[in-house]
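A.B. asks:
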Amino acid sequence: MTSMLIISGQFWPEGSGGALATYLITKLLSSYDDFKITVVTGTHRPAKIDNVNFIIDEGFRIQYKPMRWLYFLRSPVRRYYRNLMKRYDVIYIPYGYELIPVSKELDKKVIVHVHDYQPITYSTVILHNHQSSLIHDIKTDLVFELLEHGDYKRAIAGSLVAPIVMLNRVWMSEVDTIICVSRRQAEIISKMAPELANKIRVLYNPLPEISPVEEKFEHPVFAYSGGGSYIKGFHVFMQGALKILERWSSVKFMLTGGLRGFRWKHEKLVKRLNDTFTGKFRLLRRLPYKDVLRLYSRSHAVLVPSLYEEPLPYVVMEAMAMGTVPIASNVGGIPEMIEGIPAEKMLFEAGDVDDFVDKMESVLAMSDKQIVDIGFALREAVLKKFNHEVVKRKLVKVFSL
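First residue of the sequence shown: 1394, per the working numbering; consecutive thereafter.
So this is what it looks like as structure tokens:
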């Protein structure tokens, strides 16, 4: 039997796609009698999994990254984790890179699962038009914090400490295996941190449990789940939506908040537009996960106008699994997710509003039967591509001693 300690600062239902993937992977591995699993997390009420033990560490709830790292570098904390890790064969780290040095001191097998770009950038984000240089990285982190969070103090502080991301690269160079979730993510990390390239393996995230497909709304509805996030393309979405409403009066847009949610200024904008367009925008904020899937299933398309190199966005996978076309920008792992299936025709150039509008109009021009037929084809394709048994076999191969 292989004993495994999973270190994940956030665990489902807290967090976003990476936390969901960690939960699903933990659940898959726990279905084997060969694995004995304990999870360390900062999430107070993690989703329970049979035969998996949880340890809660409040240190993972420290928001400011340098302060969190300092917490885990304290001697009493390192001593606690050293004693804990001694009891396990494998240390699996989706979130918690600052504990890599302790695990390697004990000569444990260490596997790091990368769900963002934390090894190479302080903000964890790589924009679609990224240029590789330290000055550009600092500038990007500054712009990211300003546009994403609207916090000047956080933006200045983040840009000043951005160079400490080099610590991540040093720590990562000591691990046994780095799992990337898409070929594109692996390519970007390998290019910017070539010393990590020979440790990288690509393994797609597992598909969540999917409910049956539901009937579409009577009138055309487009769903958008990126909240008011700049990197999720909120401004691209709004520009595209306004152009569509100039030509298609029957269309409605349903907006959910996701992890980032909507700030007051976004809600004010949507309210003002609703006064102009008589209720064409419905602000749903953050929904329970099962309701998000229902929304995707009933919508005519799910809009994903991202501006950053999303490693493997669950929204695209979920939309197709729920029988709905994703209209997505050609960034990150999205093109390889939909390679060779009907959704490939709905890719558009990141940030190109006119291209985005053209793809929405392509869906609006389809008959009800065409939309349903494409939806079933997408569901079948994604269930095959992200098959649980295939993912399980690959996971076991990586984690076995």
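The beta carbon of each residue, even a glycine, is placed where N, CA and C say it ideally should be.
1) Let me check one thing: in DSSP terms, what residues is Ser-1401 bridge-paired to?
2) Is Leu-1648 near Phe-1674, with beta carbons less than 8 Å apart?
3) Which residues in the same chain as Ala-1694 place their Cβ atom closer than 6 Å to its Cβ, once the five residues preceding and following it in sequence are excluded?
4) Mind pulling the alpha helix (DSSP H) runs of 4 or more residues that sit fully within the stretch 1416-1476?
5) Quick check: what's the CA-CA separation for Leu-1771 versus Tyr-1689?
6) Going straight from the alpha carbon of Thr-1434 to that of Ile-1449, what length do you get?
7) To the nearest angstrom, how far is it from the Cα of Asp-1748 to the Cα of Val-1503?
8) Residue range of the alpha helix (DSSP H) that Ile-1637 falls in?
9) Label Tyr-1457 either buried or exposed according to how many other C-beta atoms from any shown protein chain fall within 10 Å of its C-beta, with 16 as the threshold for buried.
10) Output needed for Phe-1670: all residues of its chain with C-beta closer than 6 Å, excluding positions within five of it in sequence on either side, in chain order.
11) Using three-state DSSP, classify Ala-1721 as helix, strand or coil.
12) Identify which residue in Gly-1654, Leu-1776, Ser-1699, Gly-1626 has its Cα closest to the Cα of Leu-1677.
13) Name the two residues that bound the continuous alpha helix (DSSP H) containing Tyr-1617.
14) Answer yes or no: do Tyr-1487 and Gly-1410 have a C-beta to C-beta separation smaller than 8 Å?
15) By Cβ distance, which residues of its chain are closer than 7 Å to Glu-1607, with the 5 residues on each side in sequence left out?
16) Tell me which residues share the same chain as Tyr-1481 and place their Cβ nearer than 8 Å to its Cβ, disregarding the 5 neighbours each side in the sequence.
17) Please return the same chain residues whose Cβ sits closer than 7 Å to the Cβ of Ser-1793, not counting the five positions on each side in sequence.
18) When you compare only the Cα positions, how much space is there between Arg-1656 and Pro-1512?
19) Suppose contacts are defined by Cβ-Cβ distances below 8 Å. Is Lys-1776 in contact with Leu-1560 by that definition?
20) To which residues does DSSP link Phe-1646 through a beta bridge?
21) Quick one: what does DSSP say Ser-1793 is sitting in, helix, strand or coil?
22) Just grab the DSSP bridge partners of Thr-1570 for me.
23) Ordered along the chain, which non-local residues of its own chain (more than five positions away) have a Cβ less than 8 Å from that of Ile-1764?
24) Could you check how far apart the C-beta atoms of Val-1495 and Arg-1471 are, in whole angstroms? I think they sit under 8 Å.
25) Contact between the stretch 1587-1604 and the stretch 1703-1714 is defined here as three or more beta-carbon pairs at a separation below 8 Å; is this criterion met?
26) Excluding the 5 residues preceding and the 5 following Gln-1632 in the sequence, name in chain order all residues of the same chain whose CB lies nearer than 7 Å to its CB.
27) Rounding to the nearest angstrom, what Cα-Cα distance links Thr-1514 and Phe-1465 in this structure?
28) Given this structure, state the Cα-to-Cα distance separating Lys-1479 from Glu-1498, to the nearest angstrom.
29) Which same chain residues end up closer than 8 Å to Ser-1583 when comparing Cβ atoms and leaving out the 5 residues on each side of it in sequence?
30) Less than 8 Å between the C-beta atoms of Ser-1571 and Val-1507, yes or no?
31) Alpha carbon to alpha carbon, what distance is there between Lys-1762 and Arg-1454?
C.D. replies: Answer, in terms of the structure:
1) For the purposes of this step, residue 1401 is identified with residue 8 of the sequence shown, where counting begins at 1. BP columns for Ser-1401 point to Tyr-1488.
2) The residue labelled residue 1648 in the question sits at position 255 within the sequence shown. The residue labelled residue 1674 in the question sits at position 281 within the sequence shown. Yes, the Cβ-Cβ distance between Leu-1648 and Phe-1674 is below 8 Å.
3) Along the sequence shown, read from residue 1 onward, the residue named residue 1694 stands at position 301. These residues qualify, in order along the chain: Phe-1615, Val-1718, Ile-1720, Val-1756.
4) 1458-1466
5) By 1-based counting over the sequence shown, the position of residue 1771 is 378. By 1-based counting over the sequence shown, the position of residue 1689 is 296. Cα to Cα, Leu-1771 sits roughly 13 Å from Tyr-1689.
6) To locate residue 1434, count along the sequence shown from 1; it is residue 41. To locate residue 1449, count along the sequence shown from 1; it is residue 56. Approximately 5 Å, taken between the alpha carbons.
7) Within the sequence shown, numbered from 1, the residue matching residue 1748 stands at position 355. Within the sequence shown, numbered from 1, the residue matching residue 1503 stands at position 110. Looking at the two C-alpha atoms, the distance is approximately 44 Å.
8) Translated into the one-based positions of the sequence shown, residue 1637 becomes position 244. From DSSP, the alpha helix (DSSP H) with Ile-1637 extends over 1627-1640.
9) Sequence index remark: in the sequence shown, residue 1457 carries index 64 (1-based). Result: exposed.
10) Indexing the sequence shown from 1 puts residue 1670 at position 277. So the list reads Leu-1638, once near-sequence residues are dropped.
11) The residue labelled residue 1721 in the question sits at position 328 within the sequence shown. Here Ala-1721 sits in strand by DSSP.
12) Counting from one through the sequence shown, the residue named residue 1677 turns up at place 284. Nearest of Gly-1654, Leu-1776, Ser-1699, Gly-1626 to Leu-1677, Cα basis: Gly-1654.
13) Numbered from its first residue, the sequence shown carries residue 1617 at position 224. Note, Tyr-1617: premise wrong, no alpha helix (DSSP H); beta strand (DSSP E) at 1614-1617.
14) Along the sequence shown, read from residue 1 onward, the residue named residue 1487 stands at position 94. Along the sequence shown, read from residue 1 onward, the residue named residue 1410 stands at position 17. First, the residue type needs correcting, since residue 1487 is Pro and not Tyr in the sequence shown. Not closer than 8 Å, so no.
15) Walking along the sequence shown from the start, residue 1607 turns up at place 214. Only Arg-1687, Ser-1690, Arg-1691 meet the Cβ criterion.
16) Looking up residue 1481 in the sequence shown gives position 88. Cβ neighbours of Tyr-1481 beyond the five flanking positions: Ser-1396, Met-1397, Leu-1398, Thr-1431, Lys-1501.
17) Taking the first residue of the sequence shown as position 1, residue 1793 is located at position 400. Here the set comprises Thr-1395.
18) Residue mapping note: residue 1656 aligns to position 263 of the sequence shown, counting from 1. Residue mapping note: residue 1512 aligns to position 119 of the sequence shown, counting from 1. The alpha-carbon atoms of Arg-1656 and Pro-1512 are separated by roughly 29 Å.
19) For the purposes of this step, residue 1776 is taken as residue 383 along the sequence shown, with counting starting at 1. For the purposes of this step, residue 1560 is taken as residue 167 along the sequence shown, with counting starting at 1. Just to set this straight, residue 1776 is Leu in the shown sequence, not Lys. Result no, Cβ atoms of Leu-1776 and Leu-1560 do not sit closer than 8 Å.
20) Taking the first residue of the sequence shown as 1, we reach residue 1646 at position 253. DSSP output for Phe-1646 lists Phe-1615, Phe-1674 as bridge partner(s).
21) In the sequence shown, the residue the question calls residue 1793 occupies position 400. Note: Ser-1793 maps to coil in three-state DSSP.
22) Residue 1570 sits at position 177 when you count from the first residue of the sequence shown. Thr-1570 pairs with Ile-1504.
23) In the sequence shown, counting from the first residue as 1, residue 1764 sits at position 371. Here the set comprises Lys-1609, His-1693, Val-1718, Val-1756.
24) Sequence index remark: in the sequence shown, residue 1495 carries index 102 (1-based). Sequence index remark: in the sequence shown, residue 1471 carries index 78 (1-based). Correct: roughly 6 Å between the Cβ atoms.
25) yes
26) Translated into positions along the sequence shown, residue 1632 becomes position 239. Taken in chain order, the residues that qualify are Val-1746.
27) Indexing the sequence shown from 1 puts residue 1514 at position 121. Indexing the sequence shown from 1 puts residue 1465 at position 72. Near 20 Å, if we compare the C-alpha coordinates of Phe-1465 and Thr-1514.
28) As a first step, residue 1479 is located in the sequence shown; it is residue number 86 there, counting from the start. As a first step, residue 1498 is located in the sequence shown; it is residue number 105 there, counting from the start. Straight-line Cα distance between these residues: approximately 10 Å.
29) Numbered from its first residue, the sequence shown carries residue 1583 at position 190. Closer than 8 Å at the Cβ level, and outside the excluded window around Ser-1583, lie Leu-1589, Ala-1590, Ile-1593.
30) Looking up residue 1571 in the sequence shown gives position 178. Looking up residue 1507 in the sequence shown gives position 114. Here residue 1571 is Ile; the residue named in the question, Ser, does not match the sequence. Against a cut-off of 8 Å, the Cβ pair of Val-1507 and Ile-1571 comes out as a contact.
31) As a first step, residue 1454 is located in the sequence shown; it is residue number 61 there, counting from the start. As a first step, residue 1762 is located in the sequence shown; it is residue number 369 there, counting from the start. Whole-angstrom Cα-Cα distance: 48 Å.
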